[in-house]
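J.:
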Amino acid sequence: MRLAHLGKLWWLPSVLAVAYAVYSMHAQADPSQTRTTRVFTVRELGAYDGAARPEIYLSIMGRVFDVSSGAEYYAVGESYACFAARDASLAFVTGGFDDDRTDDVSSLTGKQLAELASWVNGTYHDKYVYRGVLGGGYFFDATGRSTPAGRDVARKIADEARRAELREADARRFPRCSSRRSAVEAYVACKGGRVPRRRRLAGDDDEPERCACAAPDAADAAGGLLDVYAGCAPDAAKCDLPPREAPARAAAAAARAPV
């Protein structure tokens with residue numbers, strides 16, 4: 635899910651690794667030890683919906699922000715009013731504006747949590763006013779201290795930062811293939827004596843495999859998946875793939891299929 639006003643996120647691994655690390659440090663700090671940090675109750679935060687008073691607050695990952703300057707998005711009746719006066723962190727990722735308005739993010743992967751963290755650090759801290767933390771929730775207890783679940787989130791984000799660094803190094807070692815996939819043709823290809831391989835790092839099961847350019851004999855020291863494409867010669871610099879059906883052709887084929 636991309637909130638329209640937040641802008642497009644460019645996933646540069648080296649930049650993300652820094653963002654993840656910064657979030658991890660902040661997440662493990664104890665905000666109750668900072669005199670200027672206010673700890674909101676769920677009831678207190680619920681009063682800041684822009685209806686009874688002009689201010690609009692929301693919480694994301696347990697951090698409370700004054701988003702009154704974005705009233706065109708968060709005010710009652712606007713597109714993202716469902717985020718106001720509560721912590722709906724899960725819905726930021728799933729897009730479930732009705733069913734997922736909760737701060738329980740236990741179902742999210744490390745990469746999804748890292749995306750949430752990038753919004754906290756790169757969007758909300760930059761655009762809006764930080765007001766404190768939401769106590770008695772998923773991330774912070776009633777005194778404002780990090781909960782075990784909150785610390786686990788920080789650990790997962792730190793782990794994802796390390797994986798992002800490994801992916802960046804792997805992309806330098808095995809550059810991405812050039813590719814084309816349309817209704818009429820599809821292929822992956824490499825130059826400079828390298829050949830296309832299906833690639834995924836060992837232990838990085840949440841990340842989809844990619845096409846990587848490797849030396850023909852690189853499989854023995856690859857540290858993860860590095861397989862020949864089905865139907866392609868091991869030393870071929872170009873591998874043909876099944877073409878992607880055009881929508882009209884796919885719909886027509888479905889209509890002809892037996893029920």
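Numbering-wise, the sequence shown is residues 635 to 893 according to the working numbering.
For each residue, glycine too, the CB sits at the ideal point set by N, CA and C.
Quantities reported herein were computed from a predicted structural model and do not represent experimental measurements.
What residue does the beta strand (DSSP E) around PRO688 start on, and which one ends it?
T.: Segment: none, PRO688 is in no beta strand (DSSP E) and carries neither H nor E.
J.: Can you give me the start and stop residues for the alpha helix (DSSP H) that TYR708 sits inside?
T.: 705-708
J.: Within 10 Å of its beta-carbon, does ALA788 have 16 or more other beta-carbons around it, so buried, or fewer, so exposed?
T.: Buried: at least 16 other Cβ atoms inside 10 Å.
J.: Who are GLY680's beta bridge partners in DSSP?
T.: According to DSSP, which records beta bridges pairwise, GLY680 is partnered with nothing at all.
J.: Which one of ALA836, GLY837, PHE674 and CYS866 has the shortest CA to CA distance from GLY766?
T.: PHE674
J.: Starting from the C-beta of PHE774, find all residues in its chain whose C-beta is less than 8 Å away, skip the five residues before and the five after it, and write them out in chain order.
T.: PRO665, VAL673, GLY696, VAL767, LEU768, SER780, THR781 and GLY784
J.: Under the DSSP definition of a beta bridge, which residues are partnered with VAL754?
T.: Answer is none; VAL754 lacks a bridge partner.
J.: Thinking C-beta only, is GLY711 closer than 8 Å to ASP737?
T.: no
J.: Which one of VAL698, ALA685, ALA686 and VAL818 has the shortest CA to CA distance from VAL676?
T.: VAL698
J.: For ARG800, which of helix, strand or coil comes out of DSSP?
T.: It is worth fixing the name first, because residue 800 is Leu in this sequence and not Arg. Of the three classes helix, strand and coil, the one that applies to LEU800 here is helix, per DSSP.
J.: Per DSSP, what kind of secondary structure is CYS845 in: helix, strand or coil?
T.: strand
J.: Jot down the residue ranges of each uninterrupted alpha helix (DSSP H) in the segment 805-866, minimum 4 residues, whole runs only, in chain order.
T.: none
J.: Count Cβ pairs between the segment 703-718 and the segment 740-748 that sit closer than 8 Å; are there 3 or more?
T.: With the cut-off at 8 Å, the segment 703-718 and the segment 740-748 do not touch.
J.: From LYS825, LEU859 and ALA823, pick the residue whose C-alpha is nearest to that of ASP804; which is it?
T.: LEU859
J.: Could you check how far apart the C-beta atoms of SER813 and CYS845 are, in whole angstroms? I think they sit under 8 Å.
T.: Confirmed, Cβ separation roughly 6 Å.
J.: By the 10 Å Cβ neighbour count, where 16 or more other Cβ atoms means buried, how is VAL819 classified, buried or exposed?
T.: Checking the displayed sequence, the identity of residue 819 turns out to be Glu instead of Val. Exposed.
J.: Taking Cβ positions only, does ALA715 come closer than 8 Å to chain B?
T.: Included in the structure is just one protein chain, with no chain B present.
J.: Can you give me the Cβ contacts of ARG797 inside the same chain, cut-off strictly under 7 Å, excluding the 5 residues immediately before and after it?
T.: If we look at ARG797 and ignore the five residues flanking it on each side, its Cβ neighbours are ASP838.
J.: Helix, strand or coil for LEU724 per DSSP?
T.: helix
J.: Please name the residue, chosen from GLU843, ALA853, PRO830 and ALA719, that lies closest to ALA871 on a Cα-to-Cα basis.
T.: Distances from the alpha-carbon of ALA871 to those of GLU843, ALA853, PRO830 and ALA719 put PRO830 closest.
J.: Keeping to the same chain, check which residues put their C-beta closer than 6 Å to that of GLY680; ignore five residues upstream and five downstream.
T.: Excluding positions up to five away in sequence, the list reads ALA719.
J.: If you count every other CB in all the chains shown that lies within 10 Å of the CB of LYS825, and 16 or more means buried, which is it?
T.: exposed
J.: Is GLU794 buried or exposed, if buried means 16 or more other CB atoms sit within 10 Å of its CB?
T.: Label assigned to GLU794: buried.
J.: What do you reckon, are the CB atoms on ASP721 and THR728 nearer than 8 Å?
T.: no
J.: Within the same chain, show all residues whose beta-carbon is closer than 7 Å to that of CYS811, passing over the 5 residues directly before and after it, in chain order.
T.: Result list for CYS811: VAL822, ALA823, CYS824, PRO830, CYS845, ALA846 and CYS847, in chain order.
J.: According to DSSP, is VAL787 part of a helix, a strand, or is it coil?
T.: Three-state result, VAL787: helix.
J.: Closest by CA to ARG801, which one among ARG833, SER723 and SER703?
T.: The shortest Cα separation from ARG801 among ARG833, SER723 and SER703 belongs to ARG833.
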